[in-house]
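Written below as structure tokens is the structure these notes are about.
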Amino acid sequence: MLKLKTRVIPAIAAAMALSMLAGCGGKDKAADATEATTTLAETTTEATAAEETEAEETTKAEEEATEAPAGDAVAEYLEEVDSLNKGAEEFVTIMLEFMQQGQTEDVDAMLETVEKIRGTKQPFVDFSVLESVPEGLEESHERLAKAAADYAAFMDVYCDVLTAGLNGEEHEATATIEQDMTDTTTELSEAMIAVQEAADALQ
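With this note's numbering applied, the sequence shown corresponds to residues -10 to 192, in that order.
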């Protein structure tokens, strides 16, 4: 059975926080943010690789212990959940591009990249309306679906805040964006863990 990567979603909050430096702090802060985000991306890649290795070993052990039926509903569902991790990884990658642009202060390019960042919400939107849920995972799915929808909605606000900052304006959500960021990504991460635990309990 697929083991979800649990270290990717928390990296989003760190990347988001650093992006505020690049978007609103000028060349010096953008350079600092780029260096920090590069380190974050490398750390996230290493963590992802380690978790993928662990997942492969776990899956192999489970396959040796028992023969799971083909097209296992839980495994297929966890593949859908893992699409959120892929969306998170794409976010971190595009965020690095945004940081690098911050060093050049190319506002037009940064505004275009903000829209690419906004596009990384799509896997979360898709998951929030997923209808096929295995029996026994309904409760944990409901929590994760809501968390995914909340994250997608937050991503729109977050990108609006970045856009306003790049245009020399202040968005009404600026004052609370960091706390909202923490709350949203924390709940998303915890909801994903709850799904994994519920799936494990079914095995």
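C-beta: ideal position from N, C-alpha, C; glycine also. Since the model is a prediction, treat every value here as computed from it, not as a measurement.
Under the rule that 16 or more other beta-carbon atoms within 10 Å means buried, what is Gln192, buried or exposed? For the purposes of this step, residue 192 is taken as the residue at position 203 of the sequence shown. Flag for Gln192 reads exposed.
Exposure label - Lys75; buried when at least 16 CB within 10 Å: Here residue 75 corresponds to residue number 86 of the sequence shown, with the count starting at 1. It counts as exposed.
Quick one: Cα of Ala59 to Cα of Leu67, how far? Against the sequence shown, residue 59 aligns to sequence position 70. Against the sequence shown, residue 67 aligns to sequence position 78. With a pLDDT of only 30 at Ala59, under 50, the local geometry of the prediction cannot be trusted, and the value read off the model is given with reservation. Taking the straight line from one Cα to the other gives about 15 Å.
Please name the residue in Cys148, Ala183, Met181 whose C-alpha comes closest to that of Met170. For the purposes of this step, residue 170 is taken as the residue at position 181 of the sequence shown. Closest option to Met170, Cα to Cα, is Cys148.
Quick one: Cα of Ala62 to Cα of Pro123, how far? Your numbering for residue 62 matches position 73 in the sequence shown. Your numbering for residue 123 matches position 134 in the sequence shown. Computed Cα separation, rounded: 6 Å.
Does the distance from the CB of Leu177 to the CB of Tyr140 come in under 8 Å? Translated into positions along the sequence shown, residue 177 becomes position 188. Translated into positions along the sequence shown, residue 140 becomes position 151. Cβ atoms of Leu177 and Tyr140: closer than 8 Å.
How about Phe80 and Ala4: are their beta carbons less than 8 Å apart? Taking the sequence shown and counting its residues from 1, one reaches residue 80 at position 91. Taking the sequence shown and counting its residues from 1, one reaches residue 4 at position 15. Yes, they are a contact pair.
Which full runs of the alpha helix (DSSP H) of 4+ residues lie inside the segment 60 to 106, going along the chain? 62 to 93
Do you know offhand how far Val118's Cα is from Glu78's? As a first step, residue 118 is located in the sequence shown; it is residue number 129 there, counting from the start. As a first step, residue 78 is located in the sequence shown; it is residue number 89 there, counting from the start. Each residue's alpha carbon lies about 21 Å from the other.
Using C-beta distances below 6 Å, list every residue in its chain close to Ala138, excluding the 5 sequence neighbours before and after it, in chain order. The sequence position of residue 138 within the sequence shown is 149, counting from 1. Cβ neighbours of Ala138 beyond the five flanking positions: Ser117.
For Asn156 and Asp172, what's the separation of their Cα atoms in angstroms? Numbered from 1 along the sequence shown, position 167 holds the residue referred to as residue 156. Numbered from 1 along the sequence shown, position 183 holds the residue referred to as residue 172. Roughly 27 Å between the two C-alpha positions.
Classify Ala188 as buried or exposed, calling it buried when 16 or more other Cβ atoms lie within 10 Å of its own Cβ. Start at 1 with the first residue of the sequence shown, and residue 188 comes out as number 199. So Ala188 counts as buried.
Return the first residue and the last residue of the alpha helix (DSSP H) that Glu128 is part of. Here residue 128 is taken as the residue at index 139 of the sequence shown, counted from 1. First-last of the alpha helix (DSSP H) with Glu128: 127 to 155.
For Ala162 and Ala180, what's the separation of their Cα atoms in angstroms? Counting from one through the sequence shown, the residue named residue 162 turns up at place 173. Counting from one through the sequence shown, the residue named residue 180 turns up at place 191. Going from the Cα of Ala162 to the Cα of Ala180 covers about 25 Å.
Whose C-alpha, out of Met88, Ile166, Ser121, is nearest the C-alpha of Asp145? Taking the first residue of the sequence shown as position 1, residue 145 is located at position 156. The shortest Cα separation from Asp145 among Met88, Ile166, Ser121 belongs to Ile166.
What three-state label does DSSP hand Val118 in the structure shown? The residue labelled residue 118 in the question sits at position 129 within the sequence shown. Three-state DSSP puts Val118 in coil, outside helix and strand.
Exposure of Gln168, with buried meaning 16 or more beta-carbon neighbours within 10 Å: In the sequence shown, counting from the first residue as 1, residue 168 sits at position 179. So Gln168 ends up on the exposed side.
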